[in-house]
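**Q**
2 protein chains.
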Amino acid sequence: MKLAFIGAGRLATNLAPALQTAGCEVVEVWSKTRASAEALAARMGCRASWGRVGDATRDADLYILSIKDTALTDVIGELHDGRERALFAHTAGSLPLSLFAEAGHERGAVFYPMQTFSKERAVDFRQVHFFIEASLPADHDMLHALAALLTADDHIHPCTSAMRRRLHLAAVFACNFVNHCCTLADDILQDGGLDFGVMLPLLDETVAKLHLLPPRQAQTGPAARRDQNVMGMQRAMLADRPDLQQIYTLLSNSIMNNNSHLT
Amino acid sequence: MKLAFIGAGRLATNLAPALQTAGCEVVEVWSKTRASAEALAARMGCRASWGRVGDATRDADLYILSIKDTALTDVIGELHDGRERALFAHTAGSLPLSLFAEAGHERGAVFYPMQTFSKERAVDFRQVHFFIEASLPADHDMLHALAALLTADDHIHPCTSAMRRRLHLAAVFACNFVNHCCTLADDILQDGGLDFGVMLPLLDETVAKLHLLPPRQAQTGPAARRDQNVMGMQRAMLADRPDLQQIYTLLSNSIMNNNSHLT
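Chains as they are written, first to last, in our numbering: chain F, 1 to 263; chain B, 1001 to 1263.
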């Protein structure tokens, strides 16, 4: 089975080499920009193509699409001609399987690895959960087998588009918003000439605890103990950052409203 | 040197056994409630006392106070008589050293381990940063030596009350708010019959990345890529949880405003 990657961003940069290492044949990497396509293709030792996606290879059996959500519908449409028998799988959390049928593709699928990808750090796929959806049962089984090259069987889940959308929304809270709270902590520390590095053991422990306790039960801090003195003082410290003050107030109130078991 | 713990909560339950294991002599644990005092004292094999804090031992050289911030001022006052020569150290992030002088104590100090403590999980103190402040230089050195029994020398920092207050505020964002974002993710998953366990590899990776990249640079997700379609859809999914919808909007806007380097 020949694979082609449409998109050479953070996800493809992690997934394509992992699948190749696991024994898959990746024949081409396409990207809108030549530099991105060539960077990943050089690493893979495969062909690069760029520019119009219709010019991508017609020789693959499976096209894995990892491009911006906003571009996906157009790209799916443009890839149709000459690739009618191939399987197409997108990797987006919030877009439905139905995109493929709407563009006339018979064999559409979703291959969603729930993880945060950066080019600077290689993801260990053995820890990744995959959520799979396909229009044909045989394609579902094939993508399950593909995921099984990378991760444990109990990390591979059949998943409807509605469930995947919900997972993605939860991931925005548990990953993107978590990271942003750290950005805001970093701002607070930098304003005082302090380094974010001192937060890392605290952050590690915060997450390690969630392997043991449900998050609601693991909650600590001034809002969890309803300490109005400390909360008032901390709000006052943020007087010159009204944006942070507003987030502080909203999240503290949310902790107090959602942790009625505490105190 | 004889230690007494005033307070038998999450912090004392972690710190007292760690110091005892490191060779310190802990002579007594006091708590407002008998059950808490006896539970920790039994584990330590030391005396328990409870009720009026004035009835606690007068025989210790160092009293470590880990009680609610709101009770601390009163307790410091009530501990004065008969313990004029002892050293007192509180462990609170947001309360100043000056509390001790105001209550007539000559030897006051702060011994602040920046970590989140739960009774269910033993903290590994080798990873903890300690922030120390003392009214007398000799007491500062002594508390530095005490911390050095538990953690590496480069994890022990002299720290003014103003700096510590700032650290504590940053920790509220990097720990308490991070945990709460996970509580909200858990709510979203549970509403769909999904288990928070599938988020753990994502959460682990989110934090692992922060050991390598500054949080601003590690930011991913719909807001980071300014994907209005996905954000609009996710806001709509939260229609029955206006509290989450408000948090979603505020944090997404904050990501867009604070990550001008992205896209």
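C-beta atoms are modelled at their ideal positions from N, C-alpha and C, and glycine is treated no differently. All values reported here derive from a predicted model rather than from experimental measurement.
1. Along the region 1134 to 1151 of chain B, where does the CB come closer than 8 Å to a CB of chain F? Name the residues.
2. Below 8 Å between beta carbons is the criterion; list the residues of the region 99 to 121 of chain F that meet it against any residue of chain B, in chain order.
3. Spell out whether any CB of chain B is found under 8 Å from the CB atom of Val256(F).
4. Residue ranges of each alpha helix (DSSP H) run of no fewer than 4 residues wholly in the region 1116 to 1160 of chain B, ordered along the chain?
5. Do three or more CB pairs link the region 1167 to 1187 of chain B to the region 1038 to 1051 of chain B at distances below 8 Å?
6. Whose C-beta lies closer than 7 Å to the C-beta of Trp50(F) among residues of the same chain, with five residues either side of it excluded?
7. Against chain C, with Cβ distances strictly below 8 Å, would Ser1066(B) count as a contact?
8. Give me, in chain order, the residues of the same chain whose beta-carbon lies closer than 6 Å to that of Ala56(F); leave out the 5 immediate sequence neighbours on both sides.
9. Just mark Glu102(F) as buried or exposed, buried being the case when its beta carbon has 16 or more other beta carbons within 10 Å.
10. Pull up the CB-CB distance for Met313(F) and Arg1165(B), whole angstroms please, since I reckon it's below 8 Å.
11. Could you list which residues in chain F have their beta carbon closer than 8 Å to that of Arg1216(B), in chain order?
12. Please list the segments of the alpha helix (DSSP H) lying wholly inside the region 28 to 79 of chain F, counting only runs of 4 or more residues, in order along the chain.
13. Listed in chain order, which residues of the region 1162 to 1184 of chain B have Cβ atoms closer than 9 Å to some Cβ of chain F?
14. Show which residues of chain B have a CB atom less than 7 Å away from the CB atom of Glu38(F).
15. With H, G and I counted as helix, E and B as strand and the rest as coil, what does DSSP make of Leu3(F)?
16. DSSP three-state label for Glu205(F), please.
17. Find the residues of chain B that neighbour Phe196(F), judging by a C-beta separation of less than 9 Å, and give them in chain order.
18. Taking contact to mean 3 or more Cβ pairs, one atom from each stretch, closer than 8 Å, check whether the region 222 to 230 of chain F and the region 1125 to 1132 of chain B are in contact.
19. Does the beta carbon of Asn1229(B) sit closer than 8 Å to a beta carbon anywhere in chain F?
20. Give me the Cα-Cα distance between Lys961(B) and Arg235(F), rounded to the nearest whole angstrom.
21. Should Glu25(F) go down as buried or exposed, given a rule of 16 or more other Cβ atoms within 10 Å for buried?
22. Drop a sphere of 10 angstroms on the beta-carbon of Arg1083(B), count the other beta-carbons inside from all chains shown, and report buried for 16 or more, exposed for fewer.
23. Just checking: is the beta-carbon of Gly1232(B) within a distance shorter than 8 Å of some beta-carbon in chain F?
24. Tell me which residue opens and which closes the alpha helix (DSSP H) that Leu1251(B) is part of.
25. Which residues in the same chain have their Cβ closer than 8 Å to the Cβ of Leu189(F), if we skip the five residues on either side of it in sequence?
26. If you run the structure through DSSP and keep just helix, strand and coil, what is Gly108(F)?
27. Given this structure, state the Cα-to-Cα distance separating Val1178(B) from Asn258(F), to the nearest angstrom.
28. Residues of the region 1015 to 1027 of chain B in Cβ contact with chain F at a cutoff of 9 Å, in chain order, please.
29. Taking 8 Å as the cut-off, does the region 237 to 257 of chain F touch the region 1211 to 1223 of chain B (at least 3 CB pairs, one atom from each stretch)?
30. For a quick check, are the C-beta atoms of Phe100(F) and Ile64(F) less than 8 Å apart?
31. Output yes or no for whether 8 Å exceeds the beta carbon distance between Leu1087(B) and Asp1124(B).
32. Among His157(F), Arg121(F), Ala4(F), which has the Cα closest to the Cα of Arg47(F)?
33. So His90(F) is in the beta strand (DSSP E); what residue range does that whole segment cover?
34. Please state whether DSSP places Glu1025(B) in a helix, a strand or coil.
35. Looking at the C-beta of Asp1069(B), does it have a partner C-beta in chain F at a distance below 8 Å?
36. Consult DSSP for Pro282(F) and reduce its assignment to one of helix, strand or coil.
**A** In this structure, then:
1. Legend: CB atoms of the region 1134 to 1151 of chain B lying less than 8 Å from CB atoms of chain F are not found in any residue.
2. Met114, Gln115, Thr116, Phe117, Ser118, Glu120, Arg121
3. To locate residue 256(F), count along the first sequence from 1; it is residue 256. Note that residue 256(F) is Met in the sequence shown, not Val. At a cut-off of 8 Å, the C-beta of Met256(F) has no neighbouring C-beta in chain B.
4. 1137 to 1148
5. They do not touch, by the three-pair rule.
6. Within the first sequence, the letter at position 50 stands for residue 50(F). Here the set comprises Trp30, Ser31, Lys32, Thr33, Arg34, Ala37.
7. Note that chain C does not occur in the displayed structure, where the protein chains are F and B.
8. Start at 1 with the first residue of the first sequence, and residue 56(F) comes out as number 56. Result list for Ala56(F): Trp30, Ser49, in chain order.
9. Along the first sequence, read from residue 1 onward, the residue named residue 102(F) stands at position 102. Classification for Glu102(F): exposed.
10. Outside the displayed span of chain F (1 to 263) sits residue 313(F), for which this structure offers no information.
11. As a first step, residue 1216(B) must be located in the second sequence, where it is residue number 216. Per Cβ cutoff of 8 Å: Thr183, Asp186.
12. 34 to 44, 69 to 78
13. Of all residues in the region 1162 to 1184 of chain B, Ala1162, Met1163, Arg1165, Arg1166, Leu1167, His1168, Leu1169, Ala1170, Ala1171, Val1172, Phe1173, Ala1174, Cys1175, Asn1176, Phe1177, Val1178, Asn1179, His1180, Cys1181, Cys1182, Thr1183, Leu1184 have a Cβ within less than 9 Å of some Cβ in chain F.
14. Against the first sequence, residue 38(F) aligns to sequence position 38. Neighbours of Glu38(F) on chain B: none; closest Cβ ~21 Å, over 7 Å.
15. Position 3 of the first sequence, counted from the first residue, corresponds to residue 3(F). In this structure, Leu3(F) counts as strand in the three-state DSSP scheme.
16. Here residue 205(F) is taken as the residue at index 205 of the first sequence, counted from 1. Looking at Glu205(F) - three-state DSSP - the assignment turns out to be helix.
17. Locating residue 196(F) in the first sequence gives position 196, where the first residue counts as 1. Going along chain B in sequence order, the residues near Phe196(F) (Cβ under 9 Å) are Ala1170, Ala1174, Leu1210, Pro1214, Pro1215.
18. no
19. Taking the second sequence and counting its residues from 1, one reaches residue 1229(B) at position 229. Asn1229(B) counts as touching chain F.
20. Residue 961(B) is absent from the model: chain B starts at 1001 and stops at 1263.
21. To locate residue 25(F), count along the first sequence from 1; it is residue 25. When all chains shown are included, Glu25(F) counts as exposed.
22. Within the second sequence, residue 1083(B) is the residue found at index 83, counting from 1. Its Cβ being crowded by 16 or more others within 10 Å, Arg1083(B) is buried.
23. Here residue 1232(B) refers to the residue found at position 232 of the second sequence. Not closer than 8 Å to any Cβ of chain F, the Cβ of Gly1232(B) fails to qualify, so no.
24. Walking along the second sequence from the start, residue 1251(B) turns up at place 251. Its alpha helix (DSSP H) spans residues 1242 to 1258.
25. Looking up residue 189(F) in the first sequence gives position 189. Result list for Leu189(F): Asp195, Phe196, Val198, Met199, in chain order.
26. Counting from 1 along the first sequence, the entry for residue 108(F) is found at position 108. Gly108(F): strand per DSSP, three-state reduction.
27. The sequence position of residue 1178(B) within the second sequence is 178, counting from 1. The sequence position of residue 258(F) within the first sequence is 258, counting from 1. For the pair Val1178(B) and Asn258(F), the Cα-to-Cα distance works out to about 14 Å.
28. none
29. no
30. If you number the first sequence from 1, residue 100(F) lands on position 100. If you number the first sequence from 1, residue 64(F) lands on position 64. Going by C-beta atoms, Phe100(F) is not nearer than 8 Å to Ile64(F).
31. In the second sequence, counting from the first residue as 1, residue 1087(B) sits at position 87. In the second sequence, counting from the first residue as 1, residue 1124(B) sits at position 124. Against a cut-off of 8 Å, the Cβ pair of Asp1124(B) and Leu1087(B) comes out as no contact.
32. Position 47 of the first sequence holds residue 47(F). Nearest of His157(F), Arg121(F), Ala4(F) to Arg47(F), Cα basis: Ala4(F).
33. Within the first sequence, residue 90(F) is the residue found at index 90, counting from 1. His90(F) -> beta strand (DSSP E) spans 87 to 90.
34. Against the second sequence, residue 1025(B) aligns to sequence position 25. Strand at Glu1025(B).
35. One-based indexing of the second sequence puts residue 1069(B) at position 69. Yes - at least one Cβ of chain F is within 8 Å of the one on Asp1069(B).
36. Because chain F is modelled from 1 through 263, residue 282(F) falls outside the range shown and cannot be assessed.
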